[in-house]
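Each number in my numbering corresponds to the 1-based position in the sequence shown with 29 added.
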Amino acid sequence: MPAFAYVIDFFPYKLARRRRRRLALAQIFFGSFPRFPFLLIRHRILLSLVPLTVGCTLCLPGSLLAARCPLSAVPCSLMTEPWLRGTHVELSAVPRAVVHALELAGEDIEKWCRPLDDEALNARPADLAPVAFHLRHIVRSLDRLLTYAEGEQLRAEQLAALKAELEPGATHAEVFTEFRKGMDNAICRVRALAAADFDQARVVGRKALPTTVGGLLVHCADHTQRHTGQAITTTKLLLASRS
30 MPAFAYVIDF
40 FPYKLARRRR
50 RRLALAQIFF
60 GSFPRFPFLL
70 IRHRILLSLV
80 PLTVGCTLCL
90 PGSLLAARCP
100 LSAVPCSLMT
110 EPWLRGTHVE
120 LSAVPRAVVH
130 ALELAGEDIE
140 KWCRPLDDEA
150 LNARPADLAP
160 VAFHLRHIVR
170 SLDRLLTYAE
180 GEQLRAEQLA
190 ALKAELEPGA
200 THAEVFTEFR
210 KGMDNAICRV
220 RALAAADFDQ
230 ARVVGRKALP
240 TTVGGLLVHC
250 ADHTQRHTGQ
260 AITTTKLLLA
270 SRS
């Protein structure tokens, strides 16, 4: 039997038009209104009655509707952030936290940036770096950092990829294919390093700057989260300018 949760969304402006838009989206997702009642109450609050699997909680973002993603496509496990799902328990704390951080970054990028078209991915609002750059930089940096963590030095193709991160003309298919493959590959490599000695010395770059395996793994997480936030902020600026 389905449980039900209330999703609250605020309408700051243009209530009537937004009400029609959301009801239209609801029809796209759910087929017909009578099976899934929507209650419009005072003070610009839409209270939606949404069917969920028993035991799940939901705080559904408006961006999910904007992306036209059916609720059936959202696994119950995604209702909480990766670090709270009880996954990867076979890993020790450090690599498990890194894997969870990468999973969260991947989900956030898919949620916010996937709806962007080619033009938006290459746009530079307020002269900021484009979203395409951040997505390339995330996975290419992970490749470089994990190469150092594995005790290797960078190859010529990795250095060439570094120099090409800001190249214009990126396409949605190209950027997201690279991003998804790169994130999956990075998670596999972090898992492979789980049994390593995190205090083992490593060096970075031509200057052989000192660090450790653990330091590189932690930097994989914080660097990825940093650029994920920048990509999302740039996306929000683009969406705001279009509206």
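Idealized CB from N, CA, C, for every residue including glycine. The structure displayed is predicted, hence computed values, not measured ones.
In terms of residues, what are the limits of the beta strand (DSSP E) holding residue i?
| i | result |
| --- | --- |
| Leu238 | 238 to 241 |
Start and end of the alpha helix (DSSP H) containing residue i?
| i | result |
| --- | --- |
| Arg209 | 201 to 221 |
| Val118 | Per DSSP, Val118 belongs to no alpha helix (DSSP H) and is neither H nor E. |
| Ala230 | First-last for Ala230: 230 to 233, but that is the beta strand (DSSP E), not the alpha helix (DSSP H). |
| Trp141 | 122 to 142 |
| Gln182 | Element bounds for Gln182: n/a, residue is neither H nor E. |
| Leu195 | That residue, Leu195, is in no alpha helix (DSSP H); it is neither H nor E in DSSP. |
| Asp147 | 147 to 151 |
Measure the C-alpha to C-alpha separation of residue i and residue j and round it to an integer number of angstroms.
| i | j | result |
| --- | --- | --- |
| Ala223 | Pro124 | 6 Å |
| Thr86 | Arg114 | Residue placement at Thr86 is flagged as unreliable, the pLDDT there being 31, under the threshold of 50; a coordinate-derived value is accordingly withheld. |
| Ala199 | His248 | 27 Å |
| Thr264 | Leu245 | 28 Å |
| Glu179 | Ser272 | 46 Å |
| Leu89 | Val127 | For Leu89, the pLDDT reaches just 36, beneath the cut-off of 50, and the residue's location in the model is therefore unreliable, leaving the point undetermined. |
| Arg220 | Gly135 | 17 Å |
| Ala152 | Val118 | 40 Å |
| Val242 | Ala215 | 15 Å |
| Ala190 | His201 | 18 Å |
| Ala55 | Leu266 | Caution is warranted here: a pLDDT of 48 is assigned to Ala55, below 50, making its placement in the model unreliable, and the coordinate value is therefore given only provisionally. Roughly 26 Å between the two C-alpha positions. |
| Glu148 | Ala230 | 43 Å |
| Val233 | Leu174 | 8 Å |
| His256 | Ala122 | 23 Å |
| Asp228 | Ser270 | 47 Å |
| Asp226 | Leu120 | 13 Å |
| Leu150 | Pro159 | 6 Å |
| Trp112 | Cys217 | 17 Å |
| Glu110 | Thr116 | 11 Å |
| Pro144 | Lys192 | 27 Å |
In terms of alpha-carbon separation, which member of the options lies closest to residue i?
| i | options | result |
| --- | --- | --- |
| Leu171 | Ala237, His252, Thr241 | His252 |
| Glu207 | Ala122, Thr240, Ile138, His117 | Ile138 |
| Gln182 | Glu196, Arg209, Lys236 | Lys236 |
| Asp156 | Leu195, Trp112, Tyr177 | Leu195 |
| Cys142 | Phe205, Asp228, Pro239 | Phe205 |
| Thr262 | Arg218, His163, Thr109, Leu120 | His163 |
| Lys140 | Pro154, Met108, Pro159 | Met108 |
| Met212 | Trp112, Leu268, Glu132 | Glu132 |
| Ala130 | Leu268, Ala250, Leu188 | Ala250 |
| Gln259 | Glu203, Ala161, Arg218 | Ala161 |
| Gln254 | Pro144, His166, Asp146, Cys217 | His166 |
| Arg169 | Asp146, Leu268, Lys210 | Lys210 |
Is any heavy atom in the ligand PLP found nearer than 7 Å to the beta carbon of residue i?
| i | result |
| --- | --- |
| Ile167 | The ligand PLP is absent from the structure shown, which contains no ligand whatsoever. |
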